[in-house]
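Protein chains in written order, with the numbering used here: chain A, 657 to 769; chain B, -4 to 106.
Right, dumping it as structure tokens:
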């Protein structure tokens, strides 16, 4: 069966510090991978998606970036965090042929102070 | 118009009640529809897919109306454990098959 791991669960970072969140998927090959953010009182916002190694698409301009160095590894990064980067970050995977449901990691609650 | 819209609620219902949530979507080309459940500070978890003919899973019934572009979720015989936020999701074929989510409808089932 497939599992998705995301860490850390919580993170408190000062403004201007770097960020690295990691997500790995097990039990499947060539998944589509996604990063979403859920800000307080708001819906899930798609940040990045990837359909293959090294293939990253960005949904919104911001100071975040994503990378996919391996088939089942997806990393979200920032060089300098902003207060507005606070939120609940969720990694998700879906089948490569698309049109199906997504499965989410347990999320990272990021507070930028 | 937002791509996926839901009534935010909250819906406060007594145990045993029947409650219905609606969701509208803007992209008529959307092909896949889902309901997710999200508990406080947790990840969304798939509750059920929504099929054109409607589908049922125990106390939960989902329906799709393509002509009016809305999806519904009916919960019968509500339990305390049903208290959560329910997210409607619609797929996007243009973005690696990502899902667009509504902001969710909050449900509180009371004794």
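Yeah, the Cβ is synthetic: ideal placement off N, Cα and C, and Gly gets one too.
Out of the options, which one is the CA nearest neighbour of residue i?
{"i": "residue 727 (chain A)", "options": "A:766, A:690, A:675 and A:671", "result": "A:690"}
{"i": "residue 747 (chain A)", "options": "A:657, A:670, A:701 and A:669", "result": "A:701"}
{"i": "residue 84 (chain B)", "options": "B:49, B:37, B:99 and B:78", "result": "B:99"}
{"i": "residue 664 (chain A)", "options": "A:670, A:672 and A:679", "result": "A:679"}
{"i": "residue 20 (chain B)", "options": "B:68, B:64, B:29 and B:72", "result": "B:64"}
{"i": "residue 28 (chain B)", "options": "B:40, B:34 and B:46", "result": "B:46"}
{"i": "residue 72 (chain B)", "options": "B:32, B:30 and B:105", "result": "B:105"}
{"i": "residue 9 (chain B)", "options": "B:0, B:-3, B:68 and B:74", "result": "B:74"}
{"i": "residue 719 (chain A)", "options": "A:725, A:681 and A:741", "result": "A:741"}
Between residue i and chain B, is the shortest Cβ-Cβ distance under 8 Å, so that the two count as touching?
{"i": "residue 728 (chain A)", "result": "no"}
{"i": "residue 698 (chain A)", "result": "yes"}
{"i": "residue 766 (chain A)", "result": "no"}
{"i": "residue 798 (chain A)", "result": "What the structure shows of chain A is the stretch from 657 to 769, and residue 798 (chain A) is not part of that stretch, so it cannot be assessed."}
{"i": "residue 702 (chain A)", "result": "yes"}
{"i": "residue 736 (chain A)", "result": "no"}
{"i": "residue 714 (chain A)", "result": "no"}
{"i": "residue 688 (chain A)", "result": "yes"}
{"i": "residue 678 (chain A)", "result": "no"}
{"i": "residue 683 (chain A)", "result": "no"}
{"i": "residue 750 (chain A)", "result": "yes"}
Name the two residues that bound the continuous beta strand (DSSP E) containing residue i.
{"i": "residue 691 (chain A)", "result": "688 to 694"}
{"i": "residue 715 (chain A)", "result": "Note, residue 715 (chain A): premise wrong, no beta strand (DSSP E); not H, not E."}
{"i": "residue 749 (chain A)", "result": "743 to 750"}
{"i": "residue 3 (chain B)", "result": "Premise fails: residue 3 (chain B) is in no beta strand (DSSP E) and is neither H nor E."}
{"i": "residue 21 (chain B)", "result": "Here residue 21 (chain B) belongs to no beta strand (DSSP E), and DSSP marks it neither H nor E."}
{"i": "residue 678 (chain A)", "result": "675 to 682"}
{"i": "residue 709 (chain A)", "result": "Careful: residue 709 (chain A) lies outside any beta strand (DSSP E) and carries neither H nor E."}
{"i": "residue 51 (chain B)", "result": "50 to 52"}
{"i": "residue 46 (chain B)", "result": "Neither: residue 46 (chain B) is in no beta strand (DSSP E) and is coded neither H nor E."}
Any Cβ of chain A within less than 8 Å of the Cβ of residue i?
{"i": "residue 16 (chain B)", "result": "no"}
{"i": "residue 117 (chain B)", "result": "Because chain B is modelled from -4 through 106, residue 117 (chain B) falls outside the range shown and cannot be assessed."}
{"i": "residue 55 (chain B)", "result": "no"}
{"i": "residue 49 (chain B)", "result": "no"}
{"i": "residue 93 (chain B)", "result": "yes"}
{"i": "residue 4 (chain B)", "result": "no"}
{"i": "residue 73 (chain B)", "result": "no"}
{"i": "residue 25 (chain B)", "result": "no"}
List the residues of chain C that residue i touches, going by C-beta distances under 7 Å, in chain order.
{"i": "residue 38 (chain B)", "result": "Absent from the structure: chain C. Protein chains present are A and B."}
Taking 7 Å as the cut-off, does the CB of residue i come closer than this to any heavy atom belonging to the ligand GTP?
{"i": "residue 48 (chain B)", "result": "Summarising the ligand content, the structure contains no ligands, and the ligand GTP is consequently not present."}
Mind reading off the beta-carbon distance from residue i to residue j? Whole number of angstroms is fine, and I expect it under 8 Å.
{"i": "residue 749 (chain A)", "j": "residue 688 (chain A)", "result": "7 Å"}
{"i": "residue 657 (chain A)", "j": "residue 697 (chain A)", "result": "The pair is not a contact, with the Cβ atoms about 34 Å apart (cut-off 8 Å)."}
{"i": "residue 49 (chain B)", "j": "residue 59 (chain B)", "result": "7 Å"}
{"i": "residue 66 (chain B)", "j": "residue 77 (chain B)", "result": "Actually they are not in contact, since the Cβ atoms of residue 66 (chain B) and residue 77 (chain B) sit about 18 Å apart, beyond 8 Å."}
{"i": "residue 97 (chain B)", "j": "residue 743 (chain A)", "result": "So it is not a contact: roughly 17 Å between Cβ atoms."}
{"i": "residue 81 (chain B)", "j": "residue 68 (chain B)", "result": "6 Å"}
Tell me, please, whether the region 710 to 722 of chain A touches the region 752 to 769 of chain A by the rule of three or more beta-carbon pairs shorter than 8 Å.
Three or more Cβ pairs closer than 8 Å define a contact, and the region 710 to 722 of chain A falls short of that threshold against the region 752 to 769 of chain A.
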